[in-house]
Amino acid sequence: MLIQTTQFGLIQHDISSTSTVMALDIWIISCISFVVASLLEYAYVNYRISKMKRINARLSAAMITIISMKTKSLRKQKRYSPESIDDFSKYAFPLVFIVFNTTFWSTYYFV
């Protein structure tokens with residue numbers, strides 16, 4: 051992240067200043083946005099895992115059986131569990147980045 055920010059600053063300093071947004075600006079800002087989004091996803095998943103560990107430590111065996119009877123709420127919890135979010139992100143981030151790069155370079159390279 052620090053390297054990308056430094057490179058962005060050096061490129062901006064070397065290139066003549068213009069009042070319009072250049073393709074390079076869009077690409078670098080998008081790459082930084084992908085890094086920030088993945089860091090936010092990582093922090094959120096770790097927060098949810100630690101929260102679930104605290105809750106599970108407090109619950110007794112009787113409470114776990116009562117909660118397990120509520121299948122509808124468990125399905126919803128499993129759907130948005132940290133593991134499912136992490137599995138989704140493992141495939142979504144690279145796929146979206148590939149689609150972005152394909153679209154970006156086909157648009158700006160051939161124009």
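This note's numbering puts the first residue of the sequence shown at 51, with every later residue one more than the last. Ideal Cβ positions, reconstructed from N, Cα and C, are used throughout, including at glycine.
Asked: Nearest candidate by alpha-carbon position, reference Ile135, set Thr157, Arg98, Phe150 and Ile76; Found: Arg98
Asked: Rounded straight-line distance, which links the Cα of Met72 to that of Lys140; Found: 30 Å
Asked: CA-to-CA distance, Asn151 to Tyr158, given in whole angstroms; Found: 10 Å
Asked: Assigned secondary structure, Tyr141 (DSSP; H/G/I helix, E/B strand, else coil); Found: helix
Asked: C-alpha gap between Leu145 and Ser156, whole angstroms; Found: 16 Å
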